[in-house]
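> I have a structure I would like to understand better, so I am pasting it below and will then ask my questions one at a time.
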Amino acid sequence: MIMPSKHINFSQSLLGFGSYILSKLNTPKTIDDLWKEYQFDLKNELYMASHSFDSLVLTLIFLYGVNTIEEQNGIIKKCV
3 MIMPSKHINF SQSLLGFGSY ILSKLNTPKT IDDLWKEYQF DLKNELYMAS
53 HSFDSLVLTL IFLYGVNTIE EQNGIIKKCV
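Using the working numbering, the letters of the sequence shown correspond one by one to residues 3 to 82.
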């Protein structure tokens with residue numbers, strides 16, 4: 003599920019969800035802010051794939067592991 007495959011679209015993979023999350027980190031945000039923005043975009047059909055909160059956490063762990071985001075005092079931001 004991390005990578006897209008024949009049966010999983012890019013937007014359904016954690017890699018695709020990670021690209022979406024990175025696009026939302028123009029300004030530093032909390033995990034709750036990211037979840038609310040995702041729920042809003044999903045409801046308004048601005049993002050195609052449904053993900054659970056667990057998927058959001060796994061995606062943030064993945065992004066942190068590849069050094070694209072950092073967290074400080076509960077605030078998540080892109081690495082420069």
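Just so you know, even glycine gets a beta-carbon here, dropped at the ideal spot from N, CA and C.
1) For residue 25, which of 57, 77 and 71 has the nearest alpha-carbon?
2) For residue 63 versus residue 30, is the C-beta distance shorter than 8 Å?
3) Name the two residues that bound the continuous alpha helix (DSSP H) containing residue 39.
4) Pull up the CB-CB distance for residue 61 and residue 19, whole angstroms please, since I reckon it's below 8 Å.
5) In whole angstroms, what separates the C-alpha of residue 46 from that of residue 14?
6) Would you report the Cα separation of residue 57 and residue 42, rounded to the nearest angstrom?
7) Out of 82, 81 and 38, point me to the one whose CA is closest to residue 55's CA.
8) Are there 16 or more other CB atoms within 10 angstroms of the CB of residue 16, so buried, or fewer, so exposed?
From the atom records:
1) 71
2) no
3) 33-45
4) Taking a contact as a CB-CB distance under 8 Å, the pair residue 61 and residue 19 counts as one, their CB atoms being some 5 Å apart.
5) 17 Å
6) 16 Å
7) Closest in C-alpha terms to residue 55, from the list 82, 81 and 38, comes 38.
8) buried
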